[in-house]
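Peer 1:
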Amino acid sequence: MQSIQQTTGRIGDFMARVFGCRHGELSRPFSHGGRAYRSCLNCGAQRQFNLANWQMQGNFYYGKPVVSTPVSTYALSN
970 MQSIQQTTGR IGDFMARVFG CRHGELSRPF SHGGRAYRSC LNCGAQRQFN
1020 LANWQMQGNF YYGKPVVSTP VSTYALSN
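Laid out in structure tokens, this is it:
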């Protein structure tokens, strides 16, 4: 059986995704897998973070952004 806190947390997450979140409470910057980002503590949305100038960049997104990597012809021939 779920606790009341878990249930209200899930309802809050759902409401934030449906009606939007102001992203007022953000985590500290994290770096993982060659990318740096901050996460909203309320809804989990992420935003890219530039470690060089210590500023956020781009829009908020949910999940890992898709980055296309060129495939070398050498890798295909072997």
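When we follow this note's numbering, the leftmost residue of the sequence shown carries the number 970, and every step to the right adds one. We treat Cβ as the ideally placed atom computed from N, Cα and C, and that holds for glycine.
Excluding the five sequence neighbours on either side, which residues of its own chain have a C-beta within less than 6 Å of the C-beta of G993, listed in chain order?
Peer 2: The residue given as residue 993 occupies position 24 in the sequence shown. Excluding sequence neighbours, G993 sits near nothing in its chain.
Peer 1: Looking only at its chain, what residues have a beta carbon closer than 8 Å to the beta carbon of R1007, apart from the 5 residues adjacent to it on each side?
Peer 2: The sequence position of residue 1007 within the sequence shown is 38, counting from 1. Closer than 8 Å at Cβ, skipping near neighbours: L995, S996, R997, P998, F999, Q1015, R1016, F1018 and M1025.
Peer 1: By DSSP's criteria, H1001 is part of a beta bridge. Which residues make up the other side?
Peer 2: The residue labelled residue 1001 in the question sits at position 32 within the sequence shown. Note: H1001 sits in a beta bridge opposite R1004.
Peer 1: As a quick exercise: from G1002, N1011 and R991, pick the residue whose alpha carbon is nearest that of I980.
Peer 2: Looking up residue 980 in the sequence shown gives position 11. Taking only the C-alpha atoms, the option nearest I980 is N1011.
Peer 1: So, with DSSP's three-state summary, where would you put R1016?
Peer 2: For the purposes of this step, residue 1016 is identified with residue 47 of the sequence shown, where counting begins at 1. Strand.
Peer 1: First and last residue of the beta strand (DSSP E) that includes Q993?
Peer 2: For the purposes of this step, residue 993 is taken as the residue at position 24 of the sequence shown. The residue you asked about is not Gln; residue 993 is Gly in the sequence shown. Taken as a continuous stretch (DSSP letters only), G993 belongs to no beta strand (DSSP E), as it is neither H nor E.
Peer 1: Are the CB atoms of Y1031 and G1002 within a distance shorter than 8 Å?
Peer 2: Numbered from its first residue, the sequence shown carries residue 1002 at position 33. Numbered from its first residue, the sequence shown carries residue 1031 at position 62. Not closer than 8 Å, so no.
Peer 1: For the beta strand (DSSP E) that contains G1027, what are its first and last residues?
Peer 2: Your numbering for residue 1027 matches position 58 in the sequence shown. Unbroken beta strand (DSSP E) run through G1027: Q1024 to Y1030.
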